[in-house]
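Chains as they are written, first to last, in this note's numbering: chain E, 1 to 258; chain S, 1001 to 1258.
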């Protein structure tokens, strides 16, 4: 399943950008998908900054717009498209003039091409910091487990953005529906502790059956339980690495990856 | 110490507003004072909502503007006034048209009169939900302990907004400087665990020496450690009750208190 206007963009390795270090950038966050994941993401952004006084933290504009129609339903079941609401929410953000934007929802990146079309400011794609992180410790073509919504998997959001860099390994259908999608739904309803055993079970499948040693949490809801998952595999939390990325970028330590 | 243009406004008891229940309101948050307290506040807002799907949560626009000059320095030491930056941040929020705004920083309410002057939308004063909460279980004239920044205390932000409803009891100078202000500074730097014993010590003073049985956490930073404080007194967390208030208001369960 493809969004035909989407094409893989090259990943630009972040480099120190000494010229922009003088001014802290304002981060725009298109959030609310879901709200708890957005708050967890903001917390991870703020925690990146080591500061003793308010004024050394990064400025953030958040549009938490939970009424955006369900992304998975639109991708998998031809439900109402969230694109008009996503565009409206992004335009509201733009009105407050952040220096760049990000969107802590993997599935919504299905509409990344449409959202960035004509956008005057950089929009950090959530897959880029994941790939950057993987590039640090994984060889090209390594099997990487992917825990994400069924919609993110079916839309091949990781595969299209990352190109052929890694071999993405996904759960079988029963594991995906019964454990991963169920867990994400539970977290959206604030039931993190009920979700943890389900995700542990899905991880066991990827480790024992598919023999992966690296697992990407490709859904920002999963960031809420990332600290309680199996420590025997390497976990790359898409929300966590995006938070680190945007904080560094706001502080002038990265160039745009778009 | 008074801001001469400020006057106590009457507290209007919230009542059910059945006519507005049909549409969820968008909450505007003027935040970043400090950023960790703002994230904690957002989390408390989101956690008020019991929902299984994103679309049932409340929309939030956040302007997290940590570069706003230090409020305490301005009040206590004639430091640079934060008012122009507060106004600018509020105007940015207004541009995105929230239905009402709030500001999870007690000390910044020193400039509440100036900020609300000519504002077209309601601005919930942080002291109002505290007074509402106190009214539920405390008799008028009860001694209530107040843990807040020295600036909030010296500016009499609680006393002026609440009128003569309660007798506000504050720590002595040594306790205020060595424990309360120090703890708030530690929390701003992310050192919550170091702050807990200091605030417990200040609470001991209020309980043992001043014999209070109710303590208001009149600084939103203190909300970050509220769950680890002494359970033998009643604690009213200004950030927590503001979160509950704005969530209820957004859902149509309250009328404006302004």
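Heads up, the beta-carbon is just placed ideally off N, CA and C, and yes, glycines get one too.
From residue i to residue j, what does the alpha carbon distance come to, in whole angstroms?
i                       : j                       : result
residue 36 of chain E   : residue 219 of chain E  : 12 Å
residue 248 of chain E  : residue 238 of chain E  : 15 Å
residue 157 of chain E  : residue 167 of chain E  : 13 Å
residue 1242 of chain S : residue 222 of chain E  : 28 Å
residue 1033 of chain S : residue 1067 of chain S : 9 Å
residue 101 of chain E  : residue 1139 of chain S : 49 Å
residue 1111 of chain S : residue 1023 of chain S : 31 Å
residue 69 of chain E   : residue 1120 of chain S : 30 Å
residue 49 of chain E   : residue 246 of chain E  : 11 Å
residue 46 of chain E   : residue 1098 of chain S : 24 Å
residue 177 of chain E  : residue 137 of chain E  : 30 Å
residue 27 of chain E   : residue 1216 of chain S : 33 Å
residue 148 of chain E  : residue 57 of chain E   : 31 Å
residue 1231 of chain S : residue 1071 of chain S : 30 Å
residue 1084 of chain S : residue 1091 of chain S : 10 Å
residue 1182 of chain S : residue 1198 of chain S : 8 Å
residue 1044 of chain S : residue 252 of chain E  : 31 Å
residue 126 of chain E  : residue 30 of chain E   : 12 Å
residue 63 of chain E   : residue 103 of chain E  : 10 Å
residue 204 of chain E  : residue 117 of chain E  : 40 Å
residue 1129 of chain S : residue 1226 of chain S : 17 Å
residue 105 of chain E  : residue 1142 of chain S : 48 Å
residue 1088 of chain S : residue 89 of chain E   : 21 Å
residue 133 of chain E  : residue 1135 of chain S : 53 Å
Spatial neighbours of residue i within its chain, please: CB distance less than 7 Å, with the 5 preceding and 5 following residues excluded, ordered by chain position.
i                       : result
residue 194 of chain E  : 186
residue 224 of chain E  : 36, 37, 40, 187 and 192
residue 1228 of chain S : 1196
residue 1201 of chain S : 1179
residue 206 of chain E  : 145, 169, 171, 212 and 215
residue 1080 of chain S : 1069 and 1074
Decide if residue i is buried, meaning its Cβ has at least 16 other Cβ atoms within 10 Å, or exposed.
i                       : result
residue 190 of chain E  : buried
residue 180 of chain E  : buried
residue 1250 of chain S : buried
residue 1122 of chain S : buried
residue 108 of chain E  : buried
residue 211 of chain E  : exposed
residue 209 of chain E  : exposed
residue 240 of chain E  : buried
residue 1052 of chain S : exposed
residue 1078 of chain S : exposed
residue 164 of chain E  : exposed
So, for residue i: in the same chain, excluding its five sequence neighbours on each side, which residues have a beta-carbon less than 6 Å away from its beta-carbon?
i                       : result
residue 1096 of chain S : 1061
residue 1173 of chain S : none
residue 1244 of chain S : 1048
residue 1021 of chain S : With a pLDDT of 43 at residue 1021 of chain S, under the threshold of 50, the predicted position of this residue should be treated as unreliable, and no value is reported.
residue 1025 of chain S : 1099 and 1250
residue 42 of chain E   : none
residue 1055 of chain S : none
What distance in whole Å lies between the Cβ atoms of residue j and residue i, which are believed to be in contact at a cut-off of 8 Å?
i                       : j                       : result
residue 1169 of chain S : residue 1145 of chain S : 5 Å
residue 1171 of chain S : residue 65 of chain E   : Between residue 65 of chain E and residue 1171 of chain S the Cβ distance is about 42 Å, and since that is not below 8 Å, they are no contact.
residue 1213 of chain S : residue 1233 of chain S : 6 Å
residue 93 of chain E   : residue 115 of chain E  : Not quite, the Cβ-Cβ distance comes to about 11 Å (not below 8 Å), so this is no contact.
residue 1184 of chain S : residue 1162 of chain S : Residue 1184 of chain S to residue 1162 of chain S, Cβ: 21 Å. No contact.
Who are the near neighbours of residue i in its chain, counting only those whose CB is closer than 8 Å to its CB and skipping five residues on each side?
i                       : result
residue 1075 of chain S : 1001, 1107, 1110, 1151, 1154 and 1155
residue 82 of chain E   : 68, 69, 70, 71, 74, 108 and 111
* **Ranges of the alpha helix (DSSP H) found wholly within the segment 1180-1242 of chain S, counting only runs of at least 4** => 1182-1188 and 1192-1208
* Could you name each continuous alpha helix (DSSP H) segment of 4 residues or more that falls completely within the segment 1063-1124 of chain S, going from the start of the chain to the end? => 1071-1077, 1083-1095 and 1112-1116
* Asked: Which runs of the beta strand (DSSP E), 3 residues or longer, sit entirely within the segment 1021-1047 of chain S?
  -> 1027-1031
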